[in-house]
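Right, one structure below, let's go through it.
2 protein chains.
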Amino acid sequence: MSTKRGTGSLDTREKILNVSVELFMENGYPGTPLSLIASKLGFSKAALYYHFKNKDDILNGILNPLLDRIDALLEEAPQRFTDAESRWKFLVTYSDLMLSDPRAVSVLAIGGSQVWLPESIYNRIERHRVRTIELTMLPGMSDEEKVRSILLMDMMHRETVFDKRRFVIDGMTPERRREIVYSFIKKSFED
Amino acid sequence: MSTKRGTGSLDTREKILNVSVELFMENGYPGTPLSLIASKLGFSKAALYYHFKNKDDILNGILNPLLDRIDALLEEAPQRFTDAESRWKFLVTYSDLMLSDPRAVSVLAIGGSQVWLPESIYNRIERHRVRTIELTMLPGMSDEEKVRSILLMDMMHRETVFDKRRFVIDGMTPERRREIVYSFIKKSFED
DNA sequence: GTCTATAGCTCGATAGAC
DNA sequence: GTCTATCGAGCTATAGAC
Chain V
1 MSTKRGTGSL DTREKILNVS VELFMENGYP GTPLSLIASK LGFSKAALYY
51 HFKNKDDILN GILNPLLDRI DALLEEAPQR FTDAESRWKF LVTYSDLMLS
101 DPRAVSVLAI GGSQVWLPES IYNRIERHRV RTIELTMLPG MSDEEKVRSI
151 LLMDMMHRET VFDKRRFVID GMTPERRREI VYSFIKKSFE D
Chain S
192 MSTKRGTGSL DTREKILNVS VELFMENGYP GTPLSLIASK LGFSKAALYY
242 HFKNKDDILN GILNPLLDRI DALLEEAPQR FTDAESRWKF LVTYSDLMLS
292 DPRAVSVLAI GGSQVWLPES IYNRIERHRV RTIELTMLPG MSDEEKVRSI
342 LLMDMMHRET VFDKRRFVID GMTPERRREI VYSFIKKSFE D
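As they're listed, the protein sequences go chains V and S. So the first sequence is numbered by our numbering: it starts at 1 and just counts up by one. So the second sequence is numbered by our numbering: it starts at 192 and just counts up by one.
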């Protein structure tokens with residue numbers, strides 16, 4: 001995949017991805033011209049086309065590693081969970097997976113309805129969203145419990161995906177916040 | 192404000208706003224050219240400039256009525272609420288206000304980090320977001336309670352703002368869903 | 001592997017006729 | 001109040017030199 005690298009330096013390819021993520025977060029994906037990415041890297045726009053075949057290819061480079069791993073996780077999962085413990089274990093695994101790729105997650109957080117995404121990526125994300133919600137639902141749930149599952153899965157997803165615009169309490173660390181959020185979600189699931 | 196109108200027909204201005212909202216939801220704001228709005232209305236791009244001074248002015252026409260009313264509500268509100276009942280009354284009022292303008296809410300739902308918004312509108316929305324969260328916090332709350340307030344306000348806001356991409360249960364009406372969601376939020380606040 | 005130059009396109013906005 | 005025509009800016013992507 002990659003050539004051998006020296007001590008501290010990253011692939012040019014990786015540098016491009018990292019700078020792109022920063023700019024996509026600031027300006028959005030359609031709002032970030034390739035010229036801006038190039039100038040922040042200190043070289044010209046055309047040079048980007050040596051490393052990526054077009055703009056969407058940069059986006060794919062950022063998102064695909066994470067999306068592939070989510071695909072794999074969802075394929076391993078059973079049709080439905082039948083008990084709360086194994087469901088919770090799955091949710092934690094899913095959450096850890098998301099948190100393991102902050103670069104991709106940052107770009108996912110730009111979204112919203114994400115109409116600007118290439119259709120192939122959009123469809124994958126939508127499939128993940130629907131499937132994870134389905135997997136929170138246990139057999140024999142009432143309407144109230146189903147709706148609550150949707151709300152809580154949504155809450156968990158947002159907790160992994162959003163970092164920037166978050167309302168921060170005094171000196172609370174992100175880890176402490178996450179601990180509180182997850183225990184609230186777990187308790188609400190069990191209630 | 193408006194000239195007298197015939198029986199069923201809307202202002203051209205209102206027609207433009209309604210068509211724009213539909214297209215903004217489909218393609219996003221930056222992804223919707225004025226030419227598309229014009230063609231869907233059956234007239235030319237230049238005609239739009241008789242009714243609005245530029246593209247952002249259309250967006251303002253959609254959002255400002257709601258944002259103005261939210262501003263007014265937030266100015267009426269006390270510095271902080273001191274009891275759970277008056278806080279809940281405020282939250283219901285805020286929610287009803289949002290639901291009273293589905294057109295504006297649809298456009299707000301496009302967002303996400305909403306970097307595409309004109310700065311003036313973006314700042315207003317951010318102020319609303321922060322202020323409403325502050326108002327959910329009662330004196331003497333623990334860290335856990337503060338975080339839960341953030342989560343629940345966020346949940347409530349999303350319940351008013353999102354319609355489209357929602358995971359729908361069988362034959363459940365939106366009203367039934369909202370009833371379940373609100374009772375969950377209320378219960379979680381009181382817990 | 002990076003450059004300059006430019007093709008080719010789309011868009012917002014304006015001018016001016018009707 | 002709506003039209004045609006067009007300007008000018010900004011963008012993706014490619015060609016071809018080094």
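Just so you know, even glycine gets a beta-carbon here, dropped at the ideal spot from N, CA and C.
Taking just the CA atoms, how far does residue j sit from residue i?
i         : j         : result
Ala-275/S : Leu-329/S : 8 Å
Thr-223/S : Phe-353/S : 20 Å
Tyr-182/V : Val-338/S : 11 Å
Met-289/S : Leu-257/S : 7 Å
Ile-16/V  : Pro-269/S : 49 Å
Asp-68/V  : Trp-88/V  : 22 Å
Gly-362/S : Ile-371/S : 14 Å
Pro-118/V : Leu-48/V  : 19 Å
Arg-5/V   : Asp-11/V  : Any answer about Arg-5/V is weak, because its pLDDT of 44 lies below 50 and its placement is not dependable; what the coordinates show is given next. Spanning the two alpha carbons is a distance of roughly 7 Å.
Arg-412/S : Leu-151/V : It is not possible to answer for residue 412/S, since the shown part of chain S is limited to 192 through 382.
Leu-135/V : Phe-81/V  : 7 Å
Leu-23/V  : Tyr-122/V : 20 Å
Arg-204/S : Leu-254/S : 14 Å
Glu-336/S : Ser-142/V : 28 Å
Arg-315/S : Glu-75/V  : 43 Å
His-348/S : Ser-100/V : 28 Å
Val-107/V : Ser-39/V  : 20 Å
Arg-127/V : Leu-34/V  : 29 Å
Met-216/S : Lys-246/S : 15 Å
Ser-235/S : Asn-60/V  : 37 Å
Pro-365/S : Phe-375/S : 15 Å
Ser-188/V : Phe-380/S : 12 Å
Met-192/S : Ile-261/S : Its pLDDT being 45, under 50, Met-192/S is placed unreliably by the model, and nothing is read from it.
Val-210/S : Pro-221/S : 15 Å
Val-212/S : Gln-114/V : 16 Å
Gly-302/S : Gly-219/S : 9 Å
Thr-194/S : Ile-249/S : Note that Thr-194/S has pLDDT 47, beneath the 50 cutoff, so the model's placement of it is unreliable and no number is given.
Asp-287/S : Asp-191/V : 28 Å
Phe-90/V  : Gly-233/S : 52 Å
Arg-294/S : Tyr-94/V  : 35 Å
Phe-243/S : Trp-116/V : 25 Å
Ser-120/V : Val-359/S : 23 Å
Leu-227/S : Leu-36/V  : 28 Å
Ile-105/V : Lys-186/V : Just to set this straight, residue 105/V is Val in the shown sequence, not Ile. Cα to Cα, Val-105/V sits roughly 22 Å from Lys-186/V.
Ala-237/S : Ala-46/V  : 36 Å
Please classify residue i as buried or exposed, where buried requires at least 16 other C-beta atoms within 10 Å of its C-beta.
i         : result
Asp-154/V : buried
Arg-357/S : exposed
Thr-132/V : buried
Gly-159/V : The residue you asked about is not Gly; residue 159/V is Glu in the sequence shown. Counting Cβ neighbours within 10 Å, Glu-159/V comes out buried, since at least 16 surround it.
Tyr-241/S : exposed
Ala-72/V  : exposed
Val-92/V  : exposed
Val-130/V : exposed
Ala-300/S : buried
Ser-86/V  : exposed
Ser-340/S : buried
Thr-198/S : Reliability fails at Thr-198/S, whose pLDDT of 40 lies under 50, so the model's placement of it is uncertain and the value that follows must be treated cautiously. Classification for Thr-198/S: exposed.
Problem - In chain order, each beta strand (DSSP E) run of at least 3 residues that lies wholly inside the region 123-178 of chain V - result: none
Practice task
With 8 Å as the limit, tell me which residues of the region 331-354 of chain S have their beta carbon closer than that to any beta carbon of chain V; keep them in chain order.
Solution key: Listed by position, the residues of the region 331-354 of chain S near chain V (Cβ gap below 8 Å) are Asp-334, Glu-335, Lys-337, Val-338, Arg-339, Ile-341, Leu-342, Asp-345, Met-346, Arg-349.
Problem - chain V contacts made by the region 305-324 of chain S, where a contact means CB separation under 9 Å - result: Gln-305, Val-306, Trp-307, Glu-317, Arg-320, Val-321, Ile-324
Problem - Every unbroken alpha helix (DSSP H) inside the region 237-320 of chain S [4 residues or more] - result: 246-267, 275-290, 293-299
Problem - Contacting positions in the region 167-181 of chain V - beta carbon closer than 8 Å to chain S - result: Listed by position along the chain: Phe-167, Ile-169, Met-172, Arg-176, Arg-177, Ile-180, Val-181.
Handout entry: Near-chain V residues of the region 197-231 of chain S (beta-carbon distance less than 8 Å), N- to C-terminal order
Key = Met-216, Glu-217, Asn-218, Gly-219, Pro-221, Gly-222
Practice task
Could you list the residues in the region 61-91 of chain V with a C-beta less than 9 Å from some C-beta on chain S, going in chain order?
Solution key: none
Exercise for the section: Jot down the residue ranges of each uninterrupted alpha helix (DSSP H) in the region 12-49 of chain V, minimum 4 residues, whole runs only, in chain order. Expected result: 12-27, 34-41
Exercise for the section: Output, in sequence order along the chain, the residues in the region 42-60 of chain V whose CB is closer than 8 Å to any CB in chain S. Expected result: none
Problem - chain S contacts made by the region 92-109 of chain V, where a contact means CB separation under 7 Å - result: Ala-109
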